[in-house]
Amino acid sequence: MLREILILKGKFQIYKRIYGEGISIQALSPILVSLIDFLKEAKENTIEFMNIINFKVAYATDIEHSLLFIFITDLTDDNDNISQQLEIIRNEFFSRYESLIELQQDSAAYEGFNDVADEVFKELRPKIALVGFSGVGKTTITRLIRAEEIPMRHVPTITGDVATIKLGHVNLYLWDFAGQEKYSFVWNKFIKGADSVILVLDSSPKNVRESKFFIELIRKEEPHARIAIVANKQDLPESMSTDDIEQYLGYKTYSMIAIDPDNRELMLNIIADTVRVRSLIAPFIKPLLERDNLIAEAEAAIMAGNIQLAAEKFDAIADLCVILEEEDLMQHFKAQAQFLHSKLAELQHGLQTSPENIVTSSESVIPEGITTPPITTDALEEEVVKKDKEKMEKIMKEEEEKIKKEQELLKKEEEEKRKTEEERKRKEEERKNREAEEKKAREEEERKKKEAEEKKAREEEERKKEEAEEKKKITDEERVRKEREAKIKEDLKKTFEEEPKPVIKPIPKPVIKPIPKP
21 MLREILILKG KFQIYKRIYG EGISIQALSP ILVSLIDFLK EAKENTIEFM NIINFKVAYA
81 TDIEHSLLFI FITDLTDDND NISQQLEIIR NEFFSRYESL IELQQDSAAY EGFNDVADEV
141 FKELRPKIAL VGFSGVGKTT ITRLIRAEEI PMRHVPTITG DVATIKLGHV NLYLWDFAGQ
201 EKYSFVWNKF IKGADSVILV LDSSPKNVRE SKFFIELIRK EEPHARIAIV ANKQDLPESM
261 STDDIEQYLG YKTYSMIAID PDNRELMLNI IADTVRVRSL IAPFIKPLLE RDNLIAEAEA
321 AIMAGNIQLA AEKFDAIADL CVILEEEDLM QHFKAQAQFL HSKLAELQHG LQTSPENIVT
381 SSESVIPEGI TTPPITTDAL EEEVVKKDKE KMEKIMKEEE EKIKKEQELL KKEEEEKRKT
441 EEERKRKEEE RKNREAEEKK AREEEERKKK EAEEKKAREE EERKKEEAEE KKKITDEERV
501 RKEREAKIKE DLKKTFEEEP KPVIKPIPKP VIKPIPKP
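Under my numbering, the first residue of the sequence shown is numbered 21, with each subsequent residue one higher.
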């Protein structure tokens, strides 16, 4: 949102237009001094940006005329768009006042530039996103703001809507979009670029818990957006208190019963507080509400045939339009009042009026070609609202096409996945069959091996048995042989002992004579 336009010539401020609360003069003054010094040293024209506190300061220079064109905007505003609008301001200012710039430094001389500034403001307009799940009362709140008939039953919003709130020269644009979960694919697109986001709840514990999703989505998509919570349906018995909701969700929470028309002023003030334009539009809220009431009273007087009262009401409405800085509407209602006064004068002069010409309806008293425009939108805003609605529809269409393509791609991927899965299953089945056959072959081989081992074991057992029997046989024969040998020995011993022993005479020792020496 564009909050302020400043044009400086050297150290003198020659133009200023405020659209919202921005940087305090204490914080802005040293920045302006620095920019003035920078301009003295600059060699070429430039457009630059800086972030100060929670705002963005953009400036364009004109070295030849020692001019600084300064925008103070929200951090959410796009730099390219800001640059484009700065160029428009600079070019239009030169186009109108080039011959006056060097001669006149009085800001009053440049007040005629407001219409250009207001057109630029529309391009950097405040986007207020009204978010929340389906059925919480977003559309009801939009109609409350517009002073339209409030629905008593829930009808789901399909594509959303854009409401314009005009208070003085400040226009606020409220985006109400579909809260049904099937449209969740565009929620992030609508939140993106929003200066402020108003989260609407139905105050039930379940909805409060689920709405934490939107808080996280806002922080992700537009972290610099200002957030406020409207706790609607506070008249219901199960509703949570605003203090509990504020503590749970962490943002300022306002109590609301949107079906009560008397809460229109409260809702306008909530929006003004959230967007930080309260000080600028507060003087216009009561005249706006008073004008709404007078319009209703004027229409009732017309229907009752009370031309005098209707004319007085239209005069009062025209006066309020002056306070609200709505020149077109002032002319519109002034023309209606004059028309009624002329009709009344004709009647007072006793002119004959046929029954069919007696004023009994709004069609009969409003001059041909004059219609009553919506009180929140003048003719100058129609193009802006149309543009926003087209943007909303474009986003919906683009996202739907994107979803359609993604679904087609997903379908294709699923088909490929299905084929891949079928191929995998086929190969898996083949693998299982192959493994089953291999297992069967292994089992058959194992069976044969086992049978062979068992046969070998039996043969080994039989061999060992035969060896044991053979060994036993040999052992028995050896035992018999040994017993026989032992018996023979025993018999020989007995025989030897019984026979007489022979007498053995000793052999005489031989005498050895020495051999004589020669």
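Ideal Cβ positions, reconstructed from N, Cα and C, are used throughout, including at glycine. What you are looking at is a predicted structure, and each value in this text was computed from that prediction instead of being measured.
The shortest C-alpha to C-alpha distance from G152 to any of I235, R451, E41 is the one to I235. For the pair E242 and G213, the CB atoms are nearer than the 8 angstroms cut-off.
Following the DSSP letters along the chain, one finds I90 in no alpha helix (DSSP H) but inside the beta strand (DSSP E) bounded by residues 87-94.
DSSP places Q33 in the strand class (E or B) of the three-state scheme. L219 is positioned such that its CB atom lies no closer than 8 angstroms to that of I148. A distance below 8 angstroms separates the beta carbons of L106 and I67.
M287 sits buried, since 16 or more C-beta atoms from the chains shown fall within 10 Å of its C-beta.
Around the beta-carbon of V500, fewer than 16 other beta-carbon atoms lie within 10 Å, marking it exposed.
DSSP, read as helix, strand or coil, puts K76 in strand. Selection E347, R298, G40, I51 evaluated against T93 yields G40 as nearest (Cα-Cα). With three or more CB-CB distances shorter than 8 angstroms, the region 357-371 counts as touching the region 326-335.
In this chain, the beta strand (DSSP E) harbouring T273 covers 273-275.
Between the C-alpha atoms of S119 and K36 there is a straight-line separation of about 20 angstroms.
Residue pairing from DSSP places E24 in a beta bridge opposite I38, I92. By the Cβ neighbour-count rule, V53 is exposed, with fewer than 16 other Cβ atoms within 10 Å of its own. Residue range 158-166 is occupied by the alpha helix (DSSP H) that includes K158.
Distance check between P281 and each of H85, V136, I161 places I161 closest, using alpha-carbon atoms only. In the structure shown, A248 falls within a strand segment according to DSSP collapsed to helix, strand and coil.
I51 and R239 have their C-alpha atoms roughly 29 angstroms apart.
The continuous beta strand (DSSP E) containing N191 extends over residues 190-196. In this structure N313 is exposed. Its beta-carbon is surrounded by fewer than 16 other beta-carbon atoms within 10 angstroms. For K447, DSSP records no beta bridge to any residue.
Around the CB of G132, fewer than 16 other CB atoms lie within 10 Å, so the residue is classed as exposed.
In this structure, the beta-carbon distance from F89 to I38 does not fall below 8 angstroms.
By the criterion of a C-beta distance shorter than 8 angstroms, I73 is surrounded in its chain by I43, A47, once the five residues flanking it on both sides are discounted. If you look at V151, you'll find it in the beta strand (DSSP E) that goes 147-151. Within the DSSP secondary-structure output, L429 pairs in no beta bridge.
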